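Asks: First, the structure itself, so that you have it in front of you.
There are 2 protein chains.
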Amino acid sequence: MSASTKGLEKKEHILECAKKLFAQKGYDGVSTRLLANESGTNLAMISYYFGSKEDMYKEILNKNLIHLRTDIEELKNPKLNPCEKLNLIVDLYVERFFTNTNMVQIVFKEISSNKREGLSRFVSAKMMDNFSLIESIIEDGFKKKLFKKTDIPLFIMTIFGTMMIYINGNYASFEMVGAKDTKEYLNTEHKERMKTYMRSLIKNQLSK
Amino acid sequence: MSASTKGLEKKEHILECAKKLFAQKGYDGVSTRLLANESGTNLAMISYYFGSKEDMYKEILNKNLIHLRTDIEELKNPKLNPCEKLNLIVDLYVERFFTNTNMVQIVFKEISSNKREGLSRFVSAKMMDNFSLIESIIEDGFKKKLFKKTDIPLFIMTIFGTMMIYINGNYASFEMVGAKDTKEYLNTEHKERMKTYMRSLIKNQLSK
DNA sequence: AATAAAGTTAAACAAACGTTTGATTTTGCT
DNA sequence: AGCAAAATCAAACGTTTGTTTAACTTTATT
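Pasting the structure below:
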C-alpha cells in the first residue's frame, strides 16, 4: 500500500470519527484533543490533514450532504403518478436517514444553530433543494386532481420533522417506539415501520 | 425598590439573555464572557448568582420546562370527544411553542445531544410526560371507535416533529412558509396557519 | 543506498475558557 | 449618620482551547 493511500485511509478514519462525535456532541462540544484520542491519532494530524477544525467540519458537510440528496431517474418515469412518486421518494429518504444518522444529526444541529451564519445558510439551502422536489410533485398531484388541498410547506415540514425527530430524539424517541437501544431502534424492522407509517401519512393527508 | 428585588431583577435579566443565547448557539457555544457582554453585567455576576455556568443552565431548564407542560382542566370534561380534546391540546402546544421559541430550541438541543447524559434523560422524561397524555387520548379514541388505526408513537413524533422543525429550522423553515424574517414567521397569522394545519393533520390521520 | 516527500510525534504557543479573588461601591436598616 | 449585607468590579487564577513548531520516523522514488 502506498503512503498516500495509507494517508487517505487515516484521513478518512479521522473524518469518520469526527462525524460521529459532532453528531453526538455538536461542533463546540468536540475538542481537537478528544477527537485525537477517539481516533487514535496525534493531535497535530488534524491541522496537518485539514488545516483547521472548522475546515474539517466543512469537509464533512461537503462530502456527506450529497448523500441526503434525492436524485433518482425513476422519478422521471411518466407512468408513475404523483402519489407513487411521493412514496418512492419518502422511502428513499427513510432509507438514507436510517443509514446516515450521524449526518442527519449534524445537518439538523447546523440548521438549528445561529453560530456559523454562512454555513447554516449553506446547509439550509441544500435542504431546500430536497424540499422543492417534493413540492413540485405535490403540486403536480393537485393539477391532476389526484390530491386534495393541503398546506404544502407545512406538510413537507411534517415529513422531514417526523424523520428528524426520530433520528435526533435519542432516549425520548427510542423509548417511544419501544426499542431497548439504538441498534434495535435503527434496525430493518423499525425502518420498514417508518416507511409504512410515512406512506399512510401521505395517503391520508393528500389522497382524495 | 429593595436591594434584593433589584438583585432578582438583574438575575432574571441574565437568565433571559442566557436563554436566548443558549437557544441560538447551544450550551458550548456561549461563553460566560459573551453572556456578560450581551446582558450588560460583570463576568463575576454569573458565579455570584448561579454558582456556575452549568448551574445557571440547569436553572433555565428547571424554570421553563413547566411552561411546555400541558395540564388543563378542560381536558377532563367528559363532554369533549377525543378529537376535540386533541385539537385543544395541539392548539395549546402551538401557542406555547410560538411564545417560548427559545425554550423549545434549548429543549430540542438538549434532547438531541449526548453531552450531558443525565440532563438529556431528564429533559427527555419531561417530554415523554407530554407524549403520554396525547397517547392516552388517541387510545381513548380507538376504544370509542372514533379513530382509525395508526402508529401512535410515530404520529406523536409527527405532531411534535412538525412544530419542532418549524421553530428550530431558522432560514430553511421561514423561507419555506414565505416569511421574510423571524418576527413575521412567528406572528399571529402564521400561528393560526399552524393550528389550522395541525387540525387537518389530526383529522386526516385519525378520523374515520 | 541515497534523497526527497510524507507522515508522525511531543512540546510549546497564544488565546479563550470558567471561575475566584479582594477591593470597592451601593443598598437596607437602625 | 453609621454599619452590615448585598452587589459590582477589574484583575488574576489555573485549565482547556485550537494551532504551530521542529525534530523524528516512515515511505516512495531514483
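Top line first, the protein sequences correspond to chains A and B. So the first sequence is residues 1 to 208, counted in our numbering. So the second sequence is residues 1001 to 1208, counted in our numbering. Cβ atoms here follow ideal geometry from the backbone N, Cα and C, with glycine treated the same way. Nothing here was measured: the structure is a model prediction, and the numbers come from that model.
Residues in the same chain with beta-carbon distance under 8 angstroms from V1090/B, minus the five sequence neighbours each way, listed in chain order, please.
Replies: Correct list, in chain order: I1159, K1195, M1198, R1199, I1202.
Asks: Please confirm whether Q105/A and S1112/B have their CB atoms less than 9 angstroms apart.
Replies: yes
Asks: Quick check on the DSSP output: the alpha helix (DSSP H) that includes N1064/B runs from which residue to which?
Replies: 1053–1065
Asks: Give me, in chain order, the residues of the same chain whose beta-carbon lies closer than 8 angstroms to that of L34/A; leave out the 5 immediate sequence neighbours on both sides.
Replies: Residues L21 of the same chain have their beta carbon placed closer than 8 angstroms to that of L34/A, with the five preceding and five following residues left out of the count.
Asks: Does the pairing of the region 1163–1180 of chain B with the region 147–165 of chain A give three or more beta-carbon distances under 8 angstroms?
Replies: Of all C-beta pairs linking the region 1163–1180 of chain B to the region 147–165 of chain A, three or more are shorter than 8 angstroms, placing the two stretches in contact.
Asks: What whole-angstrom Cβ distance do R1193/B and D151/A have, given they're in contact under 8 angstroms?
Replies: Between D151/A and R1193/B the Cβ distance is about 7 angstroms, and since that is below 8 angstroms, they are a contact.
Asks: Rounded to a whole number of angstroms, what is the C-alpha to C-alpha distance between V107/A and Q205/A?
Replies: 27 angstroms
Asks: State buried or exposed for L65/A, treating a residue as buried only when at least 16 other CB atoms are found within 10 Å of its CB.
Replies: buried
Asks: On the three-state DSSP scale, how would you describe S1002/B?
Replies: Legend: pLDDT at S1002/B = 48, less than 50; position of this residue unreliable, no value from coordinates given.
Asks: Since L1015/B and I1060/B should fall inside the 8 angstroms C-beta cutoff, what is the C-beta to C-beta distance between them, to a whole number of angstroms?
Replies: Yes, L1015/B and I1060/B are in contact; Cβ-Cβ is about 6 angstroms, under 8 angstroms.
Asks: Please state the DSSP three-state secondary structure of S1039/B.
Replies: helix
Asks: Does P153/A have its Cβ less than 9 angstroms from a Cβ in chain B?
Replies: yes
Asks: Starting from Y1093/B, trace the alpha helix (DSSP H) both ways and give me its first and last residue.
Replies: 1082–1099
Asks: Mind listing the chain A neighbours of D1028/B? Cutoff is C-beta to C-beta under 7 angstroms, in chain order.
Replies: G26, D28, G29
Asks: Among L1043/B, G1051/B, L1119/B, I1072/B, which residue has its Cα nearest to the Cα of A172/A?
Replies: The candidate whose alpha carbon is nearest that of A172/A is L1119/B.
Asks: Would you list the residues sitting across from F217/A in a DSSP beta bridge?
Replies: Outside the modelled stretch of chain A, which goes from 1 to 208, sits residue 217/A, for which no answer is possible.
Asks: Answer with yes or no whether the minimum CB distance from E175/A to chain B is below 9 angstroms.
Replies: yes
Asks: Is there at least one Cβ from chain B nearer than 9 angstroms to I138/A's Cβ?
Replies: no
Asks: Going along chain B, which residues have a C-beta under 8 angstroms from K200/A?
Replies: Checking the sequence shown, residue 200/A turns out to be Ser, not Lys. Neighbours of S200/A on chain B, chain order: T1150, D1151, Q1205.
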